[in-house]
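First up is the structure itself, then whatever we jot down about it.
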Amino acid sequence: MKFDVVVLTDHRYVAPEKKTPYIENVLQEDRLVLEALQSQGLKTVRKAWDHPDFDWSTTKYALFRTTWDYFDRYAEFSNWLDRASQQTKFINPKKLIYWNIDKHYLKDLLIAGVNIPRTVFIEQGATPTLAETIKVSKSEHGFTSSGYILKPCVSGAARHTYKIDDSKVGDHEAIFKQLVSEEAMMLQEFQHHIVSEGEISMMVFNGAFTHAVLKIAKPGDFRVQDDFGGTVHPYSPSAEQIEFAKSVVHAAPELPVYARVDIFKDNDGKWALAELEIFEPELWFRLNPVAANVLAKGIRETIAFD
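All residue numbers for the sequence shown refer to the working numbering, where the first residue is 2 and numbers rise by one.
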C-alpha cells in the first residue's frame, strides 16, 4: 500500500500495554495529527521509525512527531535517518533536521541576529576542566552569573542536564570529563527568569503563529519539562513575543513547515531563544486541536504530493 504521509513515533508508543497519563498524551497528539492529515484527503499511517519491516519507499513523506527515543539511540537513529532519507522525503526537510538536531545551530542563529543566552560549546574530546571552562566563559564570553547549565548538544528531555553553582564546580568535574569524552557539550549561564517566570513555547507553522503554552518548573527545580514535574499552561503571548518567534523561524536555513520556538526573558531582561525545535517537538495540539488542522492544511498546500 502507498501512503502520502507516515507519522513517525517511538516504538514504545505504538501499542503500549500500560497507558500512563504521559503515554495518553502522546497517543492523543498523534491521533489529532493523523485525523487532521486524513481530513485533507491524505493517506496516512503511524509507524515507529525503527519498524523492522516497513518499506519507507512506500510513503511520499515521513512526518516526525513523537520519536522521543532518538537521543538515547543516536548512532542507530542516525544510520536509519540516512537510509530512510534515500527512500522518502521528510517533513521538515532533511536539511533542516540535520541542522536542528545538534544545538550548534544556535551559533548560526546568533550570527543571524537572534538573541540567545551566553553559551560556550565544548567539543567532544576537549581537555580543559570544568573549572577552566568556566574561567574562560567569564573572561572571554561575558558570563556574569555564578550559576551555569551544562547539557549535551544532542539531547532531549533534559538528558544529562546539570545546574552548577560556583561552589559546586569541583563536584561536577568527574561527570564533566566523562561527558565531554563521549559527546559535545554546551555551557550556558543559568537563567533566573526561567525559574521565576517560566519558559514560553510558541508554535509557528509555515511562518504563522498558532498557539502558545507557558512551561513552569516545579518548586525547587529548574527544569520545565513535565518529565520532572513541570506544568504546562495555555498562554496568550504579546505581539512582541510573537514577532520574536517569527523572526527566529525566518532566521533558519529555510522556513520550516512546523516549529516550536521556546523563549524566555534573559538575565539582561531581553527576550531570548532557549531552543528552536523543528525536528520532533511536542506541539501541544491537545490544548489547541484546531492547530493540528492548520498544520495539516499547510502540509497539503505547500508540499507536492503528485
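Even glycine gets a Cβ: it sits at the ideal position worked out from N, Cα and C.
Taking a contact to require three or more Cβ pairs closer than 8 Å, the region 242-249 and the region 86-96 do not qualify as touching. Here R160 is exposed, its C-beta having fewer than 16 other C-beta atoms within 10 Å. Distance from the CA atom of T134 to the CA atom of L296, rounded to whole angstroms, is 42 Å.
Counting C-beta atoms within 10 angstroms of its own C-beta, M2 has fewer than 16 neighbours from the protein chains shown and is therefore classed as exposed. By the neighbour-count criterion, in which a residue is buried when 16 or more other Cβ atoms sit within 10 angstroms of its Cβ, E281 is buried. The C-beta distance from D263 to E276 rounds to 5 Å, short enough to meet the 8 Å contact threshold. When C-alpha distances from V181 are compared across T130, V34, V170, H251, the shortest belongs to T130. Listed in chain order, the non-local C-beta contacts of H251 below 8 Å within the same chain comprise G208, local neighbours out to five positions each way being set aside. For Q179, the secondary structure class from DSSP, reduced to helix, strand or coil, is helix. Judged by DSSP in its simplified three-state form, V250 adopts helix. With the rule of 3 Cβ pairs closer than 8 Å, the region 166-182 does not count as touching the region 99-111. Distances from the alpha-carbon of E183 to those of S138, G126, Y149, P238 put G126 closest. Counting the other Cβ atoms within 10 Å of the Cβ of E141 gives fewer than 16, which makes it exposed. In the DSSP assignment, the residues bridged to F265 are A273. Here DSSP, grouped into helix, strand and coil, assigns A305 to coil.
For P153, the uninterrupted beta strand (DSSP E) run begins and ends at 148-153, by DSSP. For the set H194, S58, T128, the Cα lying nearest the Cα of G148 is the one of H194.
L188 and A113 have their C-alpha atoms roughly 21 Å apart. Going by DSSP, D31 is part of the alpha helix (DSSP H) stretching over 22-40. Residue pairing by DSSP places S202 opposite V214, D263 in a beta bridge.
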